[in-house]
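A quick write-up on the structure given underneath.
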Amino acid sequence: MNRTEAPGLQQIDRLDIRNFSERTLQNGAKLVVVGGVEQELIRVELLFHGGRWYEPSQGVSRTVCNLMRKGTSTKTARQIADSIDYYGAQLEIHAGQDFTSMTIFCLRKYLPEILPIAEEILLDAAFSDDELSLFVARQKQKLRINAQNTDFHANRKFNAVLFGETHPYGYAMTEETLNNLQRETLLNYHRTHYQPGSAMIFVSGNVLEQDIQLIDACFGKYASEGKHVSATDKSIHTAAEHKFFIPKDDSVQSSVRIGTLSIGKTHPDFPDLNVLNTLFGGYFGSRLMTNIREDKGYTYGIYSSISHYRHASYFSIDTEVGNEVCASALEEIYKEMDLLKKVAVEQDELSIVRNYMLGGLLRATDGPFNRINVIKNTLLSGLTLDYFDSLEKAIRNINSERIMELAQQYFDYETMKEVVCGKR
Amino acid sequence: MIHYQKRKLANGLTVIVNEDHSTQLCAVNVLYKVGARDEVSAKTGFAHLFEHLMFGGSVNAPDFDTELQLAGGTNNAYTSNDLTNYYDVLPVNNIETALWLESDRMLQLDFSERSLEVQRNVVCEEFKEHYINRPYGDVWHKLRELVYEKHPYRWPTIGLELAHVQDAVLDDVKQFFYRYYRPNNAILTISGGIIADKAFELAEKWFGDIPAGEAFDRSYPEEPKQVHPKFLAVQKDVPVNVLYKAWKMPGRVEPGYYAANMLSDVLGTGEGSRLQHALKKEKKLFTDIAAFVTGSINTGMFIISGRLAEGVSWTDAEAGIAEELKKVRTEEISETELQRIKNTVEMDITSNNTGVLNKAESLAAAEMLESADLVNTEMDRFLAVTTQDILLTAQQLLDENSCSTMHYGNVQ
């Protein structure tokens, strides 16, 4: 054995992402199943068109999700909590920008007990004034605590700069938003957007035919409908200025956000841009991490990413750096962008990124619980699973000329915004 | 149920393999039995700093991350008060890359001034990001110092102060390495689509020639039993007052641990738990309240922590908790409450047994605690607990005289 030489590497394969089945419920709604988990676990995720994009007024979707399980016309919040907790089950509701998910995760044997609770919450959540005022008090407290963090301010400012302060993706929750919440609005929004028949359903784990039948009996009996419009203005108003500084004199670190609106997953350049982003700041061996953490020690971490909402995408660089080295860190970030525009990437580096990303595809799709997430996100983006072939093809085939061309096009200082919160 | 096989190499390295042919990935996990409890009080934060240095390259593999990424893998590590754990997840057909890298840094880390200097800075930024630049960032520093008198659990893994990390020198690094990072102080677990015999053969190939380290005395100061209440008020300009109550409790696999763990669930896990329902929902004394155990190998902590609702006095908050504690110390909990906790435990253990990385980590941790078999037998210990055990535990453990209380916020 020779330790000085790395063991030979094998070609990295990919699991077949198309390894799932599709079912139709009695109401015509679609249900996606990925089975094959050995342990007696099952996860049922119900997805609704609901989230910031569909709100009649700010803060509604998050509040609704938070309060949905806090009581119905016949059950108190505690009765609901007890009936879920008793089975060691989890029932989580998450409001995103465009979608709301309700996820049941439990031992298979308890699915019959948990499904009806989910059904009841969707049909009959009560939104009592008492629960609403509790929620408002808690959220205000959280806002005050978060207001001490530099990253909290930087994130809020960054969203507002990119999308506009009143845009669904750009606004920030404030105490005023919380004070303005009305029970009627919440109730109305809930009944419109979370019809049990209108969910897209994703089931994974150790799944048997009888489980599908249970789900059908529970949700398939409701009409599959969906009409989701809201009247608020949704045009994006990106700030004209480029640099924003929020002073926070008691901080020891500065939060930095740099970024711009970017292209979506359906854009033909996206698979290649995805490789550029990974190389630049998307993994531990990236240019940013290597320079700013590993070489300079300015930060504990620095990453870049491309995030996608249904109606917009953006590129961002996130880091927390010592106040005294903030200016130097910013300089290095721009320097790294320039380098990619001017100097071709070496083959060795490209191979690392390539293999890391191919391994990443494998990890992202490994195991039923991961695979169903990937399938879900792809379908929700309006893409087919061919998208994965194009991602893989881009990773295998991209060359350094193409990377430089993309850097020149997409690392555009004309559109780039910089937000810093800290002490100068 | 996790099926596994276990062998010990001649140099003392324990190797455990779980075959999982449902995946093309594998997890390689190396646990070193060293954590912040093995540090001396003048050089705290060292075990964690050392974890960072383990990525600074070894003699034959100067760039750990790059080699692993080339093999399509990813990796990370964490340090606790009890242990340091490293893991790699990669396509199983490239498993030898992970074994090469892990064995090489166990054989000989490349001790370099440059790497030490950079990682000292990185850790200092981590210290600032998580413990200084954040409200309540020093809560655990304060609480640990209040509760523990003798045991090195007095300090958190990040260390007592920035200066300790800044002052670390290369000599410390070398000593630490040759004492703790030896095969006889480590557990290697592999989970994935590989035949067990093949995995053992590869483990022998890469790790077999690493010299064993000298045996050393692993003993920690016995934490004295607390007989008088302790109290600390920390005046801070924070938006919300927080209250902590902590009791010393049995270590992770000691008798009494399981009942105490379940008692914490009765009191403070989930919306239906007693503290959350009575004090957050009904009396509105807290906006958040929880009870939990630290699960430390030696004397652990049973903790109740809560954020006071606006305008609530420390006295009223304390009285609310005292009343719930009195109940749980005088009456047995209901069978329904007990069954709820048992169902929760069953769910936790079952869901923790999925995926190659979870399995590899669980097996290694179990082996360090007692024996790898614990991954399959521990559930029975929870299921054996009765309502009477819970009552007895509450009576013995949650005594005001052995309680450490901390008020953090506006304490005037």
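Chains S and Y, in that order, give the protein sequences.
At position 194 of the first sequence the residue is numbered 197 (the numbering used here), and the sequence of numbers has no breaks.
At position 9 of the second sequence the residue is numbered 780 (the numbering used here), and the sequence of numbers has no breaks.
Note that CB positions come from ideal geometry on N, CA and C, so glycine has one too.
These figures come from a predicted structure and were not determined experimentally.
| Alpha-carbon spacing of Glu1095 (chain Y) relative to Glu1089 (chain Y), whole angstroms | Rounded to the nearest angstrom, the two C-alpha atoms are 10 Å apart.
Between the Cα of Asn373 (chain S) and those of Y:Arg953, Y:Val1127, Y:Asn789 and Y:Pro923, spot the shortest distance and give me the residue it belongs to. Ranking Y:Arg953, Y:Val1127, Y:Asn789 and Y:Pro923 by Cα distance to Asn373 (chain S) puts Y:Val1127 first.
### Task
State the CB to CB distance for the pair Asn847 (chain Y) and Gly300 (chain S), rounded to an integer number of angstroms; the pair is presumed to be in contact (CB under 8 Å).
Contact between Asn847 (chain Y) and Gly300 (chain S) does not hold, since the beta-carbon distance rounds to 19 Å and is not under 8 Å.
- Query: Over what stretch of residues does the alpha helix (DSSP H) that includes Ile446 (chain S) continue unbroken?
  - Reply: Lying before the first or after the last residue shown, residue 446 (chain S) is absent from chain S, which here runs from 4 to 427.
Notebook entry, point to check: Taking the alpha-carbon positions, what's the Ser308 (chain S) to Gly262 (chain S) distance?
Noted result: Straight-line Cα distance between these residues: approximately 9 Å.
Step through the CB atoms of chain Y and report whether any lies within less than 8 Å of the CB of Asp252 (chain S). False, the Cβ-Cβ gap to chain Y never drops below 8 Å.
| query | Hey, which unbroken runs of the beta strand (DSSP E) at 3 residues or more fall wholly within the region 130-212 of chain S? | reply | DSSP runs (the beta strand (DSSP E)) wholly in the region 130-212 of chain S: 203-208.
Beta-carbon contacts of Leu181 (chain S) that lie in its chain and below 7 Å, excluding the five residues immediately before and after: Annotation for Leu181 (chain S): Gly62, Val139, Gln142 and Lys143 place their beta carbon closer than 7 Å to its own, counting only its chain and skipping 5 residues before and after.
- Message: Please report the distance separating the alpha-carbon of Cys221 (chain S) from that of Phe166 (chain S).
- Response: Linking Cys221 (chain S) to Phe166 (chain S) through their CA atoms gives a straight-line distance of about 40 Å.
Item checked: Counterpart residues of Lys33 (chain S) in DSSP-defined beta bridges -> Answer is S:Thr27, bridged to Lys33 (chain S).
- Query: Between the beta-carbon of Gly1039 (chain Y) and the beta-carbon of Ala1061 (chain Y), is there less than 8 Å?
  - Reply: Yes, these two residues count as a Cβ contact at 8 Å.
What would DSSP say about Leu872 (chain Y), mapped onto helix, strand or coil? Correct three-state label for Leu872 (chain Y): helix.
ask   = Taking 8 Å as the CB-CB limit, is Met40 (chain S) close to chain Y?
value = In the sequence as presented, Met is not what sits at residue 40 (chain S); that position holds Val. Interface criterion met: the Cβ of Val40 (chain S) is under 8 Å from a Cβ in chain Y.
Can you name the residues of chain Y whose CB is closer than 7 Å to the CB of Met4 (chain S)? Those within 7 Å of Met4 (chain S) in chain Y are Lys976.
*Excluding the 5 residues preceding and the 5 following Asn326 (chain S) in the sequence, name in chain order all residues of the same chain whose CB lies nearer than 6 Å to its CB.*
Closer than 6 Å at the Cβ level, and outside the excluded window around Asn326 (chain S), lie Ser257, Gly425 and Lys426.
Q: For Gly963 (chain Y), write down the residues that DSSP places opposite it in a beta bridge.
A: Its beta-bridge partners are Y:Glu790 and Y:Cys797.
Which residues DSSP lists as bridging Leu50 (chain S), in chain order
According to DSSP, which records beta bridges pairwise, Leu50 (chain S) is partnered with S:Ser104 and S:Met203.
- Query: Three or more C-beta pairs closer than 8 Å, one from the region 861-880 of chain Y and one from the region 961-980 of chain Y: is that the case here?
  - Reply: Taking 8 Å as the limit for Cβ pairs, the verdict is that the region 961-980 of chain Y does touch the region 861-880 of chain Y.
### Query
Distance, Cα to Cα, Gly173 (chain S) vs Val799 (chain Y)?
Their backbone Cα atoms lie some 42 Å apart in a straight line.
*asked:* Looking at Thr850 (chain Y): is its Cβ nearer than 8 Å to the Cβ of Glu810 (chain Y)?
replied: Going by C-beta atoms, Thr850 (chain Y) is not nearer than 8 Å to Glu810 (chain Y).
task = Using a Cβ-Cβ cut-off of less than 8 Å, give me the residues of the region 364-397 of chain S that come near chain Y, in sequence order.
result = Correct list: Leu365, Arg366, Asp369, Gly370 and Phe372.
C-beta contact flag for Leu1169 (chain Y) and Trp926 (chain Y) at 8 Å
For the 8 Å CB-CB criterion, Leu1169 (chain Y) and Trp926 (chain Y) do not form a contact.
Query raised in the report: Since Val324 (chain S) is in the beta strand (DSSP E), which residue starts that stretch and which ends it?
Result: Val324 (chain S) -> beta strand (DSSP E) spans Ser316 to Gly325.
Continuous alpha helix (DSSP H) stretch holding Pro906 (chain Y): start and end
That residue, Pro906 (chain Y), is in no alpha helix (DSSP H); it is neither H nor E in DSSP.
| said: List, in chain order, every chain S residue whose beta-carbon is nearer than 7 Å to that of Ile903 (chain Y). | reply: Close to Ile903 (chain Y), with beta-carbon spacing below 7 Å, are these residues of chain S in chain order: Val255.
Along the region 6-29 of chain S, what residues have a CB closer than 7 Å to any CB found in chain Y? Under the 7 Å Cβ criterion, the region 6-29 of chain S contributes Arg6, Thr7, Ala9, Pro10, Leu12, Gln13, Ile15, Asp16 and Leu18.
### Query
Between the region 282-297 of chain S and chain Y, which residues of the former have a C-beta closer than 8 Å to a C-beta of the latter?
Of all residues in the region 282-297 of chain S, Tyr286, Phe287, Gly288, Arg296 and Glu297 have a Cβ within less than 8 Å of some Cβ in chain Y.
Does the region 1051-1059 of chain Y come close enough to the region 85-104 of chain S that 3 or more CB-CB pairs lie under 8 Å? With the cut-off at 8 Å, the region 85-104 of chain S and the region 1051-1059 of chain Y do not touch.
My parser needs the alpha helix (DSSP H) runs of 4 or more residues fully inside the region 293-378 of chain S; what are they?
Segments of the alpha helix (DSSP H) lying fully in the region 293-378 of chain S: 329-345 and 350-367.
>> In the DSSP assignment, the beta strand (DSSP E) including Val1099 (chain Y) goes from what residue to what residue?
In response: Per DSSP, Val1099 (chain Y) belongs to no beta strand (DSSP E); it is in the alpha helix (DSSP H), Trp1085 to Thr1101.
(request) Check the Cβ of Ser354 (chain S) against every Cβ in chain Y and list those closer than 8 Å, keeping chain order. (result) Result: Leu841.
*What residues in the region 870-893 of chain Y bring their beta carbon closer than 7 Å to a beta carbon of chain S?*
Along the region 870-893 of chain Y, the positions whose C-beta sits under 7 Å from a C-beta of chain S are Trp871, Asp875, Val889, Asn892 and Val893, read in chain order.
Please state if the CB of Tyr951 (chain Y) and the CB of Asn1069 (chain Y) are separated by a distance shorter than 8 Å. No, these two residues do not count as a Cβ contact at 8 Å.
Strand pairing of Ile261 (chain S), partner residues [DSSP]: Ile261 (chain S) is bridged to S:Ile320 and S:Glu421.
| Asn789 (chain Y) versus Gly208 (chain S): straight-line alpha-carbon distance, rounded | Spanning the two alpha carbons is a distance of roughly 20 Å.
Of all the options Y:Ile1074, Y:Asp1119, Y:Leu1145 and Y:Val1013, which has the alpha carbon lying nearest to the alpha carbon of Leu1034 (chain Y)?
Relative to the Cα of Leu1034 (chain Y), the nearest Cα in the group Y:Ile1074, Y:Asp1119, Y:Leu1145 and Y:Val1013 belongs to Y:Ile1074.
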